[in-house]
Each structure stands twice: as C-alpha cells, then as structure tokens.
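Numbering-wise, our numbering comes out as the position in the sequence shown, counting from 1, plus 800.
Report on the following structure.
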Amino acid sequence: MDKKIMVTRSSMPDFEEYCNEIRELWDSRWLTNNGTKHRLFERQLKNYLHTPNVTLFANGHLALETVIEAMDFPPGSEVITTPFTFASTTHAIVRCGLKPVFCDIKSDDYTIDERLIEGLINDKTSAIIPVHVYGNVCNIEAIQQIAEKHSLKVIYDAAHSFGVTYKGESTANFGDAAMFSFHATKVFHTIEGGAVCCRDEELAKKLGYIKNFGIDGPESTPYIGGNAKMNEFQAAMGICNLRHLQEDIAMRKSVVDRYRMHLTGVEGISLCSEQAGVAHNYAYFPVVFHPAQFGADRDEVFHTLAEHEIMARKYFYPLTSAFECYRGTFDPGRTPVALEVSEKILTLPLYSDLSLHDVDRICDIILSCKKQQK
Ligand code: T4K
C-alpha cells in the first residue's frame, strides 16, 4: 500500500541546522519578547522582501486582526472582501467589530473581481481586504486606484503569497499593509507565525505595542493591547527555512509543471491561469472540475483520491459567507462565481518533496474518474 499523501507537508530544515540555531537559547534563557532571534529574523525579512517595516506575530490570524484593529476604523463600518478564503479573513473583520461586504471573485485566478468593488462602496465603507488566494496576485493597480478615489485603506490578506513578486516587487509592498502567514502548511513557515508589512512607520510602531499588551515600557501602556508575539523558537525556524526558500520554491515548481503536463487541456478541468508579471511561489495547486464535461464532479474525484489514501482538500469550501456561525447574515448567492468555484474546486497535494512519481499516480487516478462518463 502506498503511503498516505496529505494536501501538504511542512518543509523542514535539517534537524542539526535547527538545533544549531536554537542552541544559544539554552545559554541565554531568553525565549520570547523580542529576543535576538526575533530581531535577526525581522532584519532578514526586511532584506528579503525589500520592505521598510516587518512586524512579527505569533500567527497570521492575529497579525491580520491586529492590523485591522490598529487602523481604528469606525465601529460597524464596512469592509469589502471575498468569501472565497480561509475562515481567518472573514473572522478577523467580524472579530474587530466590522461588517464584511462580500465581493465576487474572478473565475480565472479566484481573486477579488475589481470591476465589482465600486458598486459595493457606500459612506460606511472604510477598507478593502483582498486576498492573494493561492498566491495569485490581486489586481493591485486597479484596487489602489479605487482605494485612493474613495479614501479607503487596503489591507492585503497575503497569507498565501510569501515569496511571490509582481513586476519584481514583493506582495509585502502593496496596499497600506500586507499580512503573511508563516503557518506550518505554508511555503515558508515558522511552525506558527505571521507578519504585517507596511510602509507607515507609525502604524508599524503601533502594531509592535498592540501585540505586546499595548506596553511601551515598564511604566507606560499607551494602548489596549493583547499578546500576539512570535517567540524565539519560531523565529529560529524562520531563519533556517529562509535559507532554503528559493530551493523549495524551485522544487514546488517542478511538481506544478508535472501536474500541468498531465492536466492541461483535459476537457472538463480548469487550472489557474498563469498571471503576467507574477513570479509565483507555487503554494497550492487548485483544480476546478466541470462535471458536465469531465463526467465526474469534484466530490467524486475527492472520494476516489481518498480511497487511494490521497488527501486532497476542498480549499475553499464552503464559502465563509455560508458558515453556520454566520447563518442568516450573508447570502452566498450574491457572489455566484465564488459559490460555483467553491463547489467545483479541489486543491491537490503539493509540497517540495512530493515525488513526480506520486504526481503521475495522482493524475492517473484523477483521469480514471473521467472515464466514468455519465
Ligand atoms: N488568511 C488566509 C487566506 C489563510 O489561508 C490563513 C491560513 C490565514 C489567513 C491565517 O493564517 P494562520 O493564522 O494560520 O497563520 C490550514 C492552516 O492551518 C492555515 O494556516 C491555512 N490558512 C489553511 C488554508 O490551511 P487546515 O485546517 O486545513 O489545516 P490542517 O491541520 O488540516 O493541515 C492541512 C495539512 O497540512 C495536513 O493534512 C497535513 C499538513 N500539515 C499540517 C500541520 C498542522 C503538516 O504537514 N504539518 C503540520 O504541522 O488549515
């Protein structure tokens, strides 16, 4: 029996490499609260991303919540976003006391449909939170123009896009702020972790306070903050993984190329379009199954793969607007493209050391579903 293949598998540095990185923590006994690893990692990220401010967090979700909170939007004001995302994006908006207003997505790259944004803006709108879903880059220029015209803030949920550039520039540098997730399942990780990048020094300072109880010194607490700090072991993992990132992305690319070789042009299967000007990180490999043409629907493919111990995932189904915790609040039917995509999409296993032999096998199983024409 072949081994179980999960949708992803954390990249790991060599055990010795990580041990060497954390060795000094045993001497210093300084384990968190802006220690030496944290400061080094922050500097390394600024260099790698060519960005002026990086604030590290315990995880991506708290990074997103904190930056929304730090912008002091009027309570109850509206934020335009998409429901085709992980729970985190929508929950962060709601948990900050704001109202998500869902915009539909485009059917070729699943990012926010910028042509629909202006129709959703009213005098209660304060921000746009687009998602670079799967590492696909939103229409940065159009979103910026709309935001400037209507005096709105733009916070990118860039959770999936670490290592992605658009016209040579990291996604860290677009909008008023960008949030990365460094969760274990991401192309680049710190076990759990996240960061906010922004140009505004004052905002960066404020994020630093809010993630540390609002404290500015032993006797000064200017903000009502919480605890969202990255610890030294997380930062050490980041330092190690950053050394191997480009190599990892190259390995992911060969996996994606192999998937594309097998699946491009198959009737009833749509793959993400490649985006002009974008250097990708190959974070996910989503596939849309059109049952009328393919002869099997997404769930049949999902179950057939599972029978072979291949655990693809339905990222992102259901839409966040259809979550039971929001029942009666939103109408998922108002974003018809997102609704259709969420019902037809499957993300296939993808990680740097997934063998091409396994990719061949996964594609064979998928294509065998096609033969069962209805
Ligand atoms: N915004 C967006 C758009 C996001 O996608 C996310 C997170 C966030 C914000 C929030 O960022 P964080 O607060 O998480 O930093 C996973 C991840 O936990 C989550 O980070 C990610 N998005 C989401 C898309 O995927 P689950 O519930 O699907 O994870 P789980 O535990 O089922 O793991 C998936 C597979 O990954 C496993 O089958 C095996 C592999 N895996 C998992 C873990 C935990 C590993 O190889 N190593 C591991 O340590 O959410």
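All C-beta atoms, glycine included, are put in the ideal place defined by N, C-alpha and C.
1043 is the residue among 948, 1043 and 902 whose C-alpha sits nearest the C-alpha of residue 814. With contacts defined as CB atoms closer than 8 Å, residue 958 and residue 988 fail to qualify as a contacting pair.
Residue range 1156 to 1170 is occupied by the alpha helix (DSSP H) that includes residue 1162.
If one requires a minimum length of 4 residues, the alpha helix (DSSP H) runs lying completely within the region 857 to 886 are 860 to 870, in chain order. Judged by DSSP secondary structure, residue 1049 falls within the alpha helix (DSSP H) whose first and last residues are 1032 to 1063. Going by C-alpha positions, residue 1131 is about 43 Å away from residue 832.
In the three-state scheme derived from DSSP, where H, G and I count as helix and E and B as strand, residue 1152 is classed as coil.
Look at residue 957: its beta carbon is less than 7 Å from one of the heavy atoms in ligand 1. Looking from the CA of residue 1057, the closest CA among 1152, 1106, 1006 and 931 belongs to 1152. CA-to-CA, the gap between residue 838 and residue 1096 works out to about 49 Å. Contact between the region 1120 to 1135 and the region 1034 to 1053 is absent: fewer than 3 CB-CB pairs across the two stretches fall below 8 Å. Taking all protein chains in view, the Cβ of residue 881 is crowded by 16 or more other Cβ atoms within 10 Å, so the residue is classified as buried. Counting of Cβ neighbours within 10 angstroms places residue 960 among the buried residues, the total reaching 16 or more. About 6 Å separates the Cβ atoms of residue 1138 and residue 904, confirming a contact at the 8 Å cut-off. By the criterion of a C-beta distance shorter than 6 Å, residue 1036 is surrounded in its chain by 821, 822 and 837, once the five residues flanking it on both sides are discounted.
Taking the CA atoms as reference points, residue 954 sits about 35 Å from residue 1064. Judged by DSSP secondary structure, residue 1142 falls within the alpha helix (DSSP H) whose first and last residues are 1136 to 1144. Where residue 929 is concerned, the enclosing beta strand (DSSP E) starts and stops at 925 to 929. In the DSSP annotation of this structure, the continuous segment of the alpha helix (DSSP H) that includes residue 1008 starts and ends at 1001 to 1010. With a cut-off of 7 Å, the C-beta of residue 975 is classified as distant from ligand 1, since no heavy atom of the ligand falls inside that distance.
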